[in-house]
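S.K.: Got a structure for you, written out below as structure tokens; questions coming shortly.
There are 2 protein chains.
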Amino acid sequence: MSLSPFNRVLIVGIGLIGSSLALALRKAGLARQIVALDHTPDHVAEALSLGLVDAAGDDPALADGADLVILCVPVGACGKVAAKLAPYLAPGVILTDVGSVKQAVVRDVAPVLPEGVQFIPGHPISGTEYSGPSAGFAELFEGRHCILTPTETADPAAVARLQAAWEAMGSLVTIMSAEHHDRVLAITSHLPHLIAYTIVGTATDLEEHMQQEVIKYSAGGFRDFTRIAASDPIMWRDVFLNNREAVLEMLGRLHEDLGLLARAIRIGDGATLEEKFTTTRAIRRGIIAAKQA
Amino acid sequence: MSLSPFNRVLIVGIGLIGSSLALALRKAGLARQIVALDHTPDHVAEALSLGLVDAAGDDPALADGADLVILCVPVGACGKVAAKLAPYLAPGVILTDVGSVKQAVVRDVAPVLPEGVQFIPGHPISGTEYSGPSAGFAELFEGRHCILTPTETADPAAVARLQAAWEAMGSLVTIMSAEHHDRVLAITSHLPHLIAYTIVGTATDLEEHMQQEVIKYSAGGFRDFTRIAASDPIMWRDVFLNNREAVLEMLGRLHEDLGLLARAIRIGDGATLEEKFTTTRAIRRGIIAAKQA
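As given, the protein sequences belong to chains A and B, one line each in that order.
Using full-length UniProt numbering, you'd call the opening residue of the first sequence number 1 and step up by one each time.
Using full-length UniProt numbering, you'd call the opening residue of the second sequence number 1 and step up by one each time.
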């Protein structure tokens, strides 16, 4: 569809995703004006000095006149932030977010919004292990998937407009239910992060002299986990607290599978190990074929 | 030290590491002649057609006249291979390997060697998820660590010569005991691989329609695990079977830590999660500072 730019886009939280969105929106000609709301003075100053946005500050009144509002704050903060913005949101404004959990965001945000606001939760499956306004780049969303989970009451025209905006930034958009999103992401994202945090934590607790060697010999596989385990702590705390059931279910399955492999190692059952390690190669081939490697 | 080239280097097993060694040895001028022994006819043909080696085949007599022999086969095969080579090994020849486990290799190889062979176990901490002769490249060992675990009976001159050869290929060499090696690698390499294989296996067992979505949304963290879990199945089967105690001990520690995090998620203890996720960032900074990222 042909896409007229938004008049005023408010980005709430100008970290890695927020700053990337500012750059990508600008690059795609999707916004006449971009403003940022952030309660961290350093972020505000950095966003302004980097020229990411036209205005920035910690006053919710920045939402005044916005026709697109994007919440880029930890999942646990979305409800409170939406409540502060509510008095400034005009009917017809599109309000979306980029959180890694969707049911909890719907639960917290929907009840505090004034009537007429088009609330369309979203989640771009992209990111890096870096944080802050200087970590952003316009290409972050290119070729990556973005999931939208509009409720039944959302205006289809608003959903189509938001979808077109994501597509103009290079994303592949899929629409699904918030419940389904949370289940799929529990295995593709939340569980991998939980495991990575755990294994890096286990290494952190080793005797002092071993720690230096863990760093020295990390190329053996460990370093890939440390990259994931360097992600933003507050963001991930909120993900786990807000997608508890799905994460614990997937963790339960992992537990069982780990028990089977541990037993195979203990009793010297090489056939089981070899078979298991062979089947896992297939998924890698699928990811390479899908150009998501 | 100044390094005179080896007359004839025999590489046993011309896969990723073997082919990279052939290219790196050649590039550094470390070998007058390089020959490969491999029981897979396709590997032999490929090694010859790629010009990796001067001769190749499946006849142990290729070891005749070699002054350096490098075993690049799965850990579980080292003992059998060494026994086949034994009749052709002259006193003074340096025999080393590249296996990810060291105590088991010493246990299996040392008893079958004729007197006078300088057996110096080794382990370059480098690799990719690709396999076979065409996967090799001369720069694989550059800037990476290589561990040597000579026994007390090894001739210091032979150890120094092998160390110098690795350094000429760009490696950073450390000498330690086989027992210590196996403990350090259990946490930096073996446990991460076990976990990656498990989590990818768990995803493989999901309902059919979820599997496609796991691939589609793998950028959320999962894809990093699939890369590790695409490593050679036989090699890794042998690693786990041959470093059982250390791997199961580290797995036990991981289990405890995972239990603590799962409990924090279940009871909604955000403070514990945040604290844990913050400390794990420090190790990543250490790896970046050590130029192993």
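Built from N, CA and C at the ideal position, the CB exists for glycine as well.
In this text, all values refer to a predicted model and were calculated from it rather than measured experimentally.
Pick out the complete beta strand (DSSP E) segments inside the stretch 107-189 of chain B, 3 residues or longer, and give them in chain order.
M.R.: 122-124, 145-148, 172-175
S.K.: How about B:VAL73: is its Cβ closer than 7 Å to a heavy atom in the ligand FAD?
M.R.: For the structure depicted, the ligand FAD is absent and the ligand set is empty, with no information on it obtainable.
S.K.: If contact means a Cβ-Cβ distance below 7 Å, which residues of the stretch 227-240 of chain A contact chain B?
M.R.: ARG227, ILE228, ALA229, ALA230, PRO233, ILE234, TRP236, ARG237, PHE240
S.K.: With a threshold of 7 Å on Cβ separation, who are the neighbours of A:PRO5 within its own chain once the five nearest residues in sequence on each side are excluded?
M.R.: Position 5 of the first sequence, counted from the start, is the residue given in the question as residue 5 of chain A. So the qualifying residues of the chain are GLY29, LEU30, ALA31, ARG32.
S.K.: Taking just the CA atoms, how far does B:GLY65 sit from A:ALA293?
M.R.: Residue mapping note: residue 293 of chain A aligns to position 293 of the first sequence, counting from 1. Residue mapping note: residue 65 of chain B aligns to position 65 of the second sequence, counting from 1. Roughly 45 Å between the two C-alpha positions.
S.K.: I'd like to know if A:HIS39 contacts chain B, where contact means its C-beta is closer than 8 Å to some C-beta of that chain.
M.R.: Sequence index remark: in the first sequence, residue 39 of chain A carries index 39 (1-based). Chain B contact via Cβ: absent.
S.K.: So, is the C-beta of B:LEU261 closer than 8 Å to a C-beta in chain A?
M.R.: Working through the second sequence from its first residue, we reach residue 261 of chain B at position 261. Taking 8 Å as the CB threshold, B:LEU261 lines the interface with chain A.
S.K.: Quick check: what's the CA-CA separation for A:THR226 versus B:ALA63?
M.R.: As a first step, residue 226 of chain A must be located in the first sequence, where it is residue number 226. As a first step, residue 63 of chain B must be located in the second sequence, where it is residue number 63. When rounded, the distance between both Cα atoms is 42 Å.
S.K.: Listing by chain order, which chain A residues have their CB less than 9 Å from the CB of B:VAL105?
M.R.: Along the second sequence, read from residue 1 onward, the residue named residue 105 of chain B stands at position 105. Those within 9 Å of B:VAL105 in chain A number zero; the least Cβ separation is about 16 Å.
S.K.: What do you get for A:LYS291, buried or exposed, if any count of 16 or more other CB atoms within 10 angstroms of its CB means buried?
M.R.: Walking along the first sequence from the start, residue 291 of chain A turns up at place 291. An exposed status is given to A:LYS291, since fewer than 16 other beta-carbon atoms sit within 10 Å of its beta-carbon.
S.K.: Flag this pair as touching only if the stretch 184-191 of chain B and the stretch 238-254 of chain B have three or more C-beta atom pairs under 8 Å; answer yes or no.
M.R.: Counting Cβ pairs under 8 Å, three or more are found: they touch.
S.K.: So with Cβ pairs under 8 Å, would you call residue 303 of chain A a contact of chain B?
M.R.: With chain A covering only 1 through 293, there is no way to say anything about residue 303 of chain A.
S.K.: Sorted by chain position, which residues of the same chain lie with C-beta nearer than 7 Å to A:SER131's C-beta, five sequence neighbours on each side aside?
M.R.: Position 131 of the first sequence holds residue 131 of chain A. Only GLY15, LEU16, ASP232 meet the Cβ criterion.
S.K.: Quick check on DSSP: helix, strand or coil for A:THR40?
M.R.: Within the first sequence, numbered from 1, the residue matching residue 40 of chain A stands at position 40. Three-state result, A:THR40: coil.
S.K.: Taking just the CA atoms, how far does A:ILE195 sit from A:ASP257?
M.R.: Within the first sequence, the letter at position 257 stands for residue 257 of chain A. Within the first sequence, the letter at position 195 stands for residue 195 of chain A. Their Cα atoms are separated by approximately 14 Å.
S.K.: Would A:VAL73 and A:VAL12 qualify as a contact pair, given that the criterion is a beta-carbon distance under 8 Å?
M.R.: Within the first sequence, the letter at position 73 stands for residue 73 of chain A. Within the first sequence, the letter at position 12 stands for residue 12 of chain A. Less than 8 Å divides the Cβ of A:VAL73 from the Cβ of A:VAL12.
S.K.: Count the C-beta pairs between the stretch 195-209 of chain B and the stretch 116-128 of chain B that are closer than 8 Å, then say yes if the count reaches three, no if not.
M.R.: Remark: fewer than three beta-carbon pairs, one from each stretch, lie closer than 8 Å, so the stretch 195-209 of chain B and the stretch 116-128 of chain B are not flagged as touching.
S.K.: Residues of chain A with CB closer than 9 Å to the CB of B:SER126, please, in chain order.
M.R.: The sequence position of residue 126 of chain B within the second sequence is 126, counting from 1. Ordered by position in chain A, the residues that pass the 9 Å Cβ test against B:SER126 are ALA219, GLY220.
S.K.: Which stretch, first to last residue, makes up the alpha helix (DSSP H) that contains A:GLY270?
M.R.: Locating residue 270 of chain A in the first sequence gives position 270, where the first residue counts as 1. A:GLY270 -> alpha helix (DSSP H) spans 270-289.
S.K.: Let me see if you follow: with CB-CB separation under 8 Å, is B:PRO192 close to chain A or not?
M.R.: The sequence position of residue 192 of chain B within the second sequence is 192, counting from 1. Output row for B:PRO192: interface = yes.
S.K.: Per DSSP, which one or two residues make a beta bridge with A:THR96?
M.R.: Working through the first sequence from its first residue, we reach residue 96 of chain A at position 96. A:THR96 pairs with A:ILE70.
S.K.: Just the Cα atoms here: how many angstroms apart are B:ALA282 and A:ILE234?
M.R.: One-based indexing of the second sequence puts residue 282 of chain B at position 282. One-based indexing of the first sequence puts residue 234 of chain A at position 234. Approximately 16 Å, taken between the alpha carbons.
S.K.: On the three-pair Cβ rule with 8 Å, is the stretch 78-88 of chain B touching the stretch 99-110 of chain B?
M.R.: yes
S.K.: Under a Cβ-count criterion, where at least 16 other Cβ atoms within 10 Å of its own Cβ denotes burial, should A:ASN242 be classed as buried or exposed?
M.R.: For the purposes of this step, residue 242 of chain A is identified with residue 242 of the first sequence, where counting begins at 1. When all chains shown are included, A:ASN242 counts as buried.
S.K.: Could you name the residues of the same chain whose beta carbon sits closer than 8 Å to that of A:SER240, not counting the 5 residues immediately before and after it, in chain order?
M.R.: Here residue 240 of chain A refers to the residue found at position 240 of the first sequence. Going by the sequence as given, residue 240 of chain A is Phe instead of Ser. The answer, listed in chain order, is HIS190, LEU194, VAL247.
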